[in-house]
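Visitor: In my numbering, the protein residues as written are 106 to 383.
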Ligand SMILES: C[S@@+](CC[C@H](N)C(=O)[O-])C[C@H]1O[C@@H](n2cnc3c(N)ncnc32)[C@H](O)[C@@H]1O
């Protein structure tokens, strides 16, 4: 397995270079699976009039799900990669969602005034910066007194074996190694999010286990999106025939999860919630 320290995913050009793969993966405007986004909304206590900041929003998750459920409130989607945010804005327009704004910015120095938002959310972003406590402190700074922040992160890689299976399928098709991206799982063990949130100065920290078995039909575009996100640099010139052979290898590599015409994909994540002092 790759040493997490050798990962480069916190470099500013890393995500810019991956944007085409995420654009392919986000081509449908609606989120492909909203289960955890809805849990986040519930656990953090987002109500329809709130102003929400979604950090590391990328191509718009969970920002778009949240914006779609607000009435008078709004969502600001912030990410250091403007190319990703452009996709988020396009998705929102396609869904007739008009209360979503986009702002480019780094989570270690957020481009917002103190005490500006009721809630801060973030899905699968806090794993990447080195100074996670500093980023959580920034979230606390932009929260109103009594506000809440919720960070969703991937659980351990062993609990999410489909990542390894997709990589094995890519390896079979392309004949080269696709090392697991361990940085993605570096906040997955119980207690790590609580430590970050507490050290950042939140008055209260909690953690929630998020687990689901996602049911994916054989041939579903789930696998195509997984490939696009994992190997964006390899898919640019593939014909549909080549895609079909690649997806065949990937689905075969996921055979352990197959149950007839369905794949039962285990997905384990964690949600860390920080409450600011009133
Ligand atoms: C795995 S993607 C998650 C995107 C989205 N939240 C989702 O769940 O689909 C990670 C995102 O974090 C962003 N990111 C990484 N480091 C960042 C930083 N220091 N500040 C702001 N955004 C960052 C990347 O640009 C990328 O869009």
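The beta-carbon is built from N, C-alpha and C at its ideal position, and this holds for glycine as well. Since the structure is predicted, the reported quantities are computational estimates derived from the model, not experimental observations.
Per DSSP, what kind of secondary structure is residue 368 in: helix, strand or coil?
Guide: Looking at residue 368 - three-state DSSP - the assignment turns out to be strand.
Visitor: Using a threshold of 8 Å, state whether the C-beta atoms of residue 382 and residue 248 are closer than that.
Guide: Contact flag unset, no.
Visitor: With a threshold of 8 Å, are at least 3 pairs of Cβ atoms found where one atom belongs to the segment 186-197 and the other to the segment 254-271?
Guide: Touching, no.
Visitor: Below 8 Å, can you find three or more Cβ-Cβ pairs linking the segment 162-177 to the segment 237-248?
Guide: With a cut-off of 8 Å, the segment 237-248 and the segment 162-177 do not count as touching, because too few Cβ pairs lie within range.
Visitor: Tell me the DSSP secondary structure of residue 152 in three-state form.
Guide: Of the three classes helix, strand and coil, the one that applies to residue 152 here is coil, per DSSP.
Visitor: Between residue 149 and residue 168, what straight-line distance do the alpha-carbon atoms span, to the nearest angstrom?
Guide: Taking the straight line joining both Cα atoms gives about 14 Å.
Visitor: What residues are listed by DSSP as bridge partners for residue 257?
Guide: Paired residue(s): 228, 376.
Visitor: Would you mind stating whether residue 160 and residue 201 have Cβ atoms separated by less than 8 Å?
Guide: Taking 8 Å as the Cβ cut-off, residue 160 and residue 201 do not qualify as a contacting pair.
Visitor: Any heavy atom of ligand 1 closer than 7 Å to the Cβ of residue 235?
Guide: False, no ligand heavy atom lies under 7 Å from that Cβ.
Visitor: Could you name the residues that DSSP lists as bridge partners for residue 160?
Guide: BP columns for residue 160 point to 183, 227.
Visitor: Please state the DSSP three-state secondary structure of residue 279.
Guide: Reduced to three states, the DSSP call for residue 279 is helix.
Visitor: Within 8 Å (strictly less), CB to CB, does residue 164 reach chain D?
Guide: No chain D appears in the structure shown, which is made up of a single protein chain.
Visitor: How about residue 305 and residue 224: do their beta carbons lie closer than 8 Å?
Guide: No. Outside cutoff.
Visitor: Using 8 Å as the threshold, is the segment 330-341 in touch with the segment 306-320, meaning 3 or more CB pairs across them?
Guide: These segments do not touch.
Visitor: Work out the CA separation of residue 368 and residue 209 for me, nearest whole Å.
Guide: Rounded to the nearest angstrom, the two C-alpha atoms are 37 Å apart.
Visitor: Taking the straight line between their C-alpha atoms, what separation do you get for residue 364 and residue 357?
Guide: Computed Cα separation, rounded: 12 Å.
Visitor: In angstroms with no decimal places, state the Cα-to-Cα distance between residue 290 and residue 261.
Guide: In a straight line, the C-alpha of residue 290 is about 5 Å away from that of residue 261.
Visitor: What does a CB cutoff of less than 7 Å around residue 282 pick up in its chain, not counting 5 residues either side in sequence?
Guide: Cβ within range, chain order: 276.
Visitor: May I have the straight-line CA-CA distance separating residue 350 from residue 324, to the nearest angstrom?
Guide: Going by the C-alpha atoms only, they are around 12 Å apart.
Visitor: Please say whether residue 211 and residue 170 have beta carbons closer to each other than 8 Å?
Guide: No. Outside cutoff.
Visitor: May I ask you to report which of helix, strand or coil DSSP gives residue 132?
Guide: Any answer about residue 132 is weak, because its pLDDT of 49 lies below 50 and its placement is not dependable; what the coordinates show is given next. Of the three classes helix, strand and coil, the one that applies to residue 132 here is coil, per DSSP.
Visitor: Report the option in 186, 157, 166 whose CA atom is closest to the CA atom of residue 123.
Guide: Selected option, being the one with the closest Cα: 186.
Visitor: So if DSSP puts residue 322 in a beta bridge, which residue, or which two residues, is it bridged to?
Guide: In DSSP, residue 322 forms a bridge with 367.
Visitor: When every heavy atom of ligand 1 is checked, does at least one fall within less than 7 Å of the C-beta of residue 239?
Guide: Because no heavy atom of ligand 1 lies under 7 Å away, the Cβ of residue 239 does not count as near it: no.
Visitor: Compare the C-alpha of residue 348 against each of 322, 274, 139, 299 and name the closest.
Guide: Among 322, 274, 139, 299, the Cα nearest to that of residue 348 belongs to 274.
Visitor: Please classify residue 233: does DSSP put it in a helix, a strand, or coil?
Guide: Three-state DSSP puts residue 233 in coil, outside helix and strand.
Visitor: Roughly how many angstroms lie between the CA atoms of residue 190 and residue 353, to the nearest whole one?
Guide: Near 32 Å, if we compare the C-alpha coordinates of residue 353 and residue 190.
Visitor: What's the C-alpha gap between residue 222 and residue 355?
Guide: Rounded to whole angstroms, residue 222 to residue 355 spans 42 Å at the Cα level.
Visitor: Among the residues of its own chain, which have a CB less than 7 Å from the CB of residue 295, if the five just before and after it don't count?
Guide: So the qualifying residues of the chain are 312.
Visitor: Using DSSP bridges, identify the partner residues of residue 316.
Guide: For residue 316, which the question treats as bridged, DSSP gives the partners 373.
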